[in-house]
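Take 612 as the starting number for the sequence shown in our numbering and just add one per residue.
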Amino acid sequence: MIKLIIGLLRFIIRLILLPIVMVLTVINYMFCFVGGIFCFIAGALGLIFIFGGLLMIFTEPHNYTMAWHAVLLGALFGGIPMFLKDFGSAILCDITDVLSRV
612 MIKLIIGLLR FIIRLILLPI VMVLTVINYM FCFVGGIFCF IAGALGLIFI
662 FGGLLMIFTE PHNYTMAWHA VLLGALFGGI PMFLKDFGSA ILCDITDVLS
712 RV
């Protein structure tokens, strides 16, 4: 009798959590799409900074400090948005996975 009640409660909880899992999955796909576009734009901007920094090294006047700053800034512009997108997507996937296993 207890197993029947526990099984029924588990079925009801799964039925309640199913729409939440579906919505989180759709939000994750939207987050990945928008994050991919943003990462592409930020990567292009970072590439411009990196190329600008490399050009400062090879052209006159040689401004090594500003070139080093431009390369670091380009790496940050290119890397941080990608990290945030992957980190947020991993968290949403883990939450969805935990809720679907209940």
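Cβ atoms here follow ideal geometry from the backbone N, Cα and C, with glycine treated the same way. Source: prediction; values computed, not measured.
A direct Cα-Cα distance of roughly 41 Å separates L629 from A686.
Looking at K614, N639, L658 and G654, the one whose alpha-carbon comes closest to that of S700 is N639. Around the beta carbon of P672, fewer than 16 other beta carbons sit within 10 angstroms, so the residue counts as exposed. Distance from L710 to V645 at the Cβ level is roughly 22 Å; contact not present, criterion being Cβ atoms closer than 8 Å. Residue environment analysis places G657 among the buried positions, since at least 16 neighbouring C-beta atoms fall within 10 angstroms of its C-beta. With at least 16 other beta carbons inside 10 angstroms of its own, V682 counts as buried. Here the alpha carbon of M612 sits roughly 11 Å from the alpha carbon of L619. Pairing F660 with L684 gives a Cβ-Cβ distance under 8 Å.
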